[in-house]
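This report refers to the structure that appears directly beneath it.
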Amino acid sequence: MRVTLLGTGDTTGTPTVGCDCATCERARERGVERSRFSVHVENDRTGEALLIDFSPDFRHQFLTQDVPLPDAALVTHIHFDHLDGLGNAYRLFDDLPVHATDVVDPVTEESVADTIRRKYDYLDRVHVHGHDPHERIRVCGLDVRFVPVDHPPLLCYGVVVEDPETGAKCSLTGDTSFGMPAETRAALADPDLLLADAIVPASSCEHHPLGGKHHDESGVPRTFGSKHMTREGALDLAAELDADRTRLVHLAHFYPADEAFAEPLAVDGETYDL
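Laid out in structure tokens, this is it:
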């Protein structure tokens, strides 16, 4: 299974439009980008491809990265930077199965699957399939599970992708605080590749109205505000899960320029063969 990081940025991406901060300038100098989040998984055995989340940068990503269009897709939650690229499916697909969870969110009064059906009812070649959390489904010859995480106020899910023949495993935390459930942590554990939300370094928490939470023994916040892990939180989670390789994703341009492109912070276009 080949994993390609199509989009490794947060909701504004890096460089951010109209921003001349040192980090955005450094990205331009390096010729690198962190577009809005999306991951492409290709099954070499079957020749099928799976897309995880529909970035608003869908068109740009598929024009600039050497990957095939997906045969199926997953959606982790309904925020703009993970869903609104689905409109790009118009006239590109004869049939595109889209998988999401069927749990009704008390905030929206509909499930992720229902929201997709409602927002994209004009895409008659997109067919939405609803699933329970932790339910194992076979998509593109791969075993896939949605696992609940903590991204208030909306329901949000991480994803586990496993190759049933080779045992290769890729775990994605999705957008989440450090406070995800124990059952989810167990499902994500022991991956060959962990893609972990790490929106900012812990030092940025002093600028958030809510500060930080889920502090470690030294008082370092592992959650930025209430919705996303800090870099330090993501790295602690990676150690807890015993990840063989970790890439930090969903990164904001608020990283200081001298830290923004250090390991293991990812940039668009990275590929991993598992």
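Under our numbering, residue 1353 is the last one in the sequence shown; the count climbs by one each step, no gaps. Backbone N, C-alpha and C fix where the C-beta goes; we use that ideal spot for every residue, glycine too.
- About 30 Å separates the CB atoms of V1082 and C1284; that is not less than 8 Å, and the two are not in contact.
- Judged by beta-carbon spacing, E1112 lies beyond the 8 Å limit of M1080, meaning their Cβ atoms are not closer than that value.
- Only residues of its own chain outside the window of five on either side were considered, and among them F1303 and G1304 have a CB closer than 8 Å to the CB of H1287, listed in chain order.
- Residues V1228, D1229, H1230 and D1276 of the same chain have their beta carbon placed closer than 6 Å to that of T1255, with the five preceding and five following residues left out of the count.
- Here E1214 is exposed: its Cβ has fewer than 16 other Cβ atoms, across all protein chains shown, within 10 Å.
- Each residue's CA atom was taken as its position, placing L1221 and K1306 some 29 Å apart.
- In the structure shown, K1306 adopts coil according to DSSP, grouped into three states.
- DSSP, read as helix, strand or coil, puts F1333 in coil.
- Of the residues assessed, P1260 falls on the exposed side of the cut-off, its CB having fewer than 16 other CB atoms within 10 angstroms.
- Here Y1169 is actually not in contact with L1142; their C-beta atoms are around 16 Å apart, not less than 8 Å.
- Look at R1109 here: in three-state DSSP terms it is helix.
- Within the model, the alpha-carbon separation for R1196 versus V1207 is close to 7 Å.
- Secondary-structure assignment with DSSP links N1122 through a beta bridge to E1127.
- Taking a cut-off of 8 Å on C-beta distances, the stretch 1119-1137 does not touch the stretch 1096-1103, as fewer than three cross pairs fall below it.
- Between the alpha carbons of D1269 and T1263 lies a gap of roughly 12 Å.
- Separation of the CB atoms of T1252 and L1274 is rounded to 7 Å, and the pair is thereby assigned contact status at 8 Å.
- Secondary structure note for L1162: its alpha helix (DSSP H) is the uninterrupted segment F1159 to L1162.
- Within the same chain, R1204 come within 6 Å of F1172 by CB-CB distance, once the 5 residues on both sides are set aside.
- Counting only residues of its own chain and dropping the five nearest sequence neighbours on each side, A1247 has a CB closer than 8 Å to the CB of M1080, E1241, D1271 and L1353.
- A buried status is given to V1239, since no fewer than 16 other beta-carbon atoms sit within 10 Å of its beta-carbon.
- Straight-line measurement puts the Cα of D1337 at about 15 Å from the Cα of P1094.
- Within the same chain, and ignoring the five residues on either side of G1092 in sequence, the residues whose Cβ sits closer than 6 Å to its Cβ are R1113, S1114 and R1115.
- In the DSSP assignment, V1328 falls within the beta strand (DSSP E) that extends over T1325 to V1328.
- Cβ contact annotation for Q1144 (same chain, cutoff 8 Å, sequence separation greater than five): T1083, L1085, H1119, D1347 and G1348, in chain order.
- One thing to note: L1320 has its Cβ no nearer than 8 Å to the Cβ of A1345.
- In the three-state reduction of the DSSP assignment, A1345 falls in the coil class, being assigned neither a helical nor a strand state.
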